[in-house]
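Which chain is which? The protein sequence lines are A and B, in order. At position 22 of the first sequence (counting the first as 1) the number is 24 in my numbering, and the numbers step up by one without a gap. At position 41 of the second sequence (counting the first as 1) the number is 255 in my numbering, and the numbers step up by one without a gap. Backbone N, C-alpha and C fix where the C-beta goes; we use that ideal spot for every residue, glycine too.
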Amino acid sequence: MSILDLAAGLFFGALAGMGIGGGGLIVIYLTLFRDYSQTDAQCTNLVFFTVAAAASLFIHFRKRKIKFFPVIFLTLGGLFGSFAGAHVTTLIPQDITRKLFGIMLVTTGLITFVKTKSGRRKPYAAKGIKNFRQTHI
Amino acid sequence: MKHLFLTEKRHIPLLIIAGVGAGFLNGLLGAGAGVILVFIYAALSNDKSEKSVKDNFAMTVATVIPISVFSTFNYVTKVGADLSKSIVFLLPGALGGLLGAWVTDRIKTSHLKFIFAVLTVIAGINMILR
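Okay, structure coming up:
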């Protein structure tokens, strides 16, 4: 393990802890700079996100209210879906998986871009008020 | 739970189907379930306050963790991934997660999200064209 791996792990873990990036950014680092196969990179991303998110959940979200009714059933469905998804991964070439991953990244990025941009729009200025100052985003 | 739309037993199949979709992405690509789940939890709640947004994010993370653990198991047993290549990132990932959680209450993350959204799109295009 190199210093670069340590720094990358800290950096992408911090991003995951802040809720930035959709959880797939470390795959780009692993496939571009560390020559990981797409499968190994995706597995690393799963392990990595689990640990980073659990750490973040412990610190940041202890005070949050979690409604267990939807969580339980979404998780249950997710387990079945995960099994099916992993099976499909074995059926398609890694090149195709990489392109699908790229499409997922573009979609995630565009959604985040649109949400962040719309959240920064200035509120409607009331009539007759000059020098209206934006008080919040 | 009074502010949630879907709270009745008859909505359970819908929740499971939505979970299957998110889990399928997680199993196929190792990521992406969070995007769907954040959207689902936001749609379930009629409370749009910042507090509710953070609660929804916490529920998304709580849902994705067990799904990711199961996906990791599938990747190692079915897909043949090498787990030893992943272990090296455990400790930095945990420390980074703690650091990110600590920082997120102290700085405005919307600017960072905007920058990384653009970088994510660029990286995604790079992966498609590679």
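Among the options, which has the Cα closest to the Cα of residue i?
i	options	result
Asp2/A	Leu17/A, Met20/A, Leu32/A and Ser58/A	The shown model of chain A, from 3 to 139, leaves out residue 2/A, and the question about it has no answer.
Phe51/A	Phe287/B, Phe328/B and Val275/B	Val275/B
Gly83/A	His225/B, Ile226/B, Pro227/B and Leu239/B	Leu239/B
Asn340/B	Phe115/A, Ile68/A and Lys101/A	Lys101/A
Pro306/B	Gly21/A, Thr46/A and Gln40/A	Thr46/A
Ala245/B	Thr323/B, Ser263/B, Val283/B and Ile321/B	Val283/B
Ala247/B	Gly338/B, Glu222/B and Ser285/B	Ser285/B
Gly338/B	Thr109/A, Ile113/A and Ala55/A	Thr109/A
Leu12/A	Phe328/B, Ala308/B and Lys327/B	Ala308/B
Phe14/A	Lys117/A, Ala55/A and Ile28/A	Ile28/A
Gln44/A	Leu93/A, Gly26/A and Lys67/A	Gly26/A
Pro227/B	Leu107/A, Leu76/A, Thr99/A and Ile61/A	Leu76/A
Arg344/B	Ala16/A, Thr99/A and Ile113/A	Thr99/A
Ser58/A	Val293/B, Ile342/B and Asp319/B	Asp319/B
His225/B	Asp296/B, Asp269/B, Gly241/B and Leu258/B	Leu258/B
Tyr38/A	Val53/A, Ile105/A and Gln96/A	Gln96/A
Phe253/B	Val290/B, Leu243/B and Ala236/B	Ala236/B
Pro280/B	Arg64/A, Lys67/A and Ile74/A	Ile74/A
Tyr255/B	Asp269/B, Glu222/B, Val302/B and Gly294/B	Asp269/B
Helix, strand or coil for residue i, going by three-state DSSP, please let me know.
i	result
Ser58/A	helix
Ser259/B	strand
Ala39/A	What sits at residue 39/A in the sequence shown is Ser, not Ala. Coil, per DSSP.
Ser285/B	helix
Gly87/A	helix
Val275/B	helix
Arg100/A	helix
Leu354/B	This structure cannot settle anything about residue 354/B, because the visible part of chain B is limited to 215 through 344.
Ile329/B	helix
Thr33/A	helix
Ile68/A	coil
Ala295/B	coil
Thr323/B	coil
Arg224/B	helix
Ala232/B	helix
Pro95/A	coil
Ile5/A	helix
Measuring only between beta-carbons, confirm whether residue i sits less than 8 angstroms from chain A.
i	result
Ser263/B	no
Val275/B	yes
Arg344/B	yes
Asn288/B	yes
Val249/B	yes
Asn260/B	no
Ala272/B	yes
Taking its Cβ as the centre, do 16 or more other Cβ atoms sit within 10 Å of residue i, making it buried, or is it exposed?
i	result
Ala9/A	exposed
Ser300/B	buried
Asn260/B	exposed
Val49/A	buried
Ile30/A	buried
Val116/A	exposed
Lys69/A	buried
Pro72/A	buried
Gly21/A	buried
Phe91/A	It should be pointed out that residue 91/A corresponds to Thr in this sequence rather than to Phe. Classification for Thr91/A: buried.
Lys322/B	exposed
Lys67/A	exposed
Thr291/B	exposed
Contact criterion: CB-CB distance below 8 angstroms. Does residue i meet it with respect to chain B?
i	result
Leu81/A	yes
Pro72/A	yes
Gln44/A	yes
Asp37/A	no
Ile98/A	no
Ile5/A	no
Leu112/A	yes
Is residue i close to the ligand ZN? I mean its beta-carbon at under 7 angstroms from any heavy atom of the ligand.
i	result
Val293/B	In the structure on display, the ligand ZN does not appear, and there are no ligands present to speak of.
Are the stretch 267-285 of chain B and the stretch 315-323 of chain B touching, with three or more C-beta to C-beta distances below 8 angstroms?
no
Count Cβ pairs between the stretch 66-83 of chain A and the stretch 321-334 of chain B that sit closer than 8 angstroms; are there 3 or more?
no
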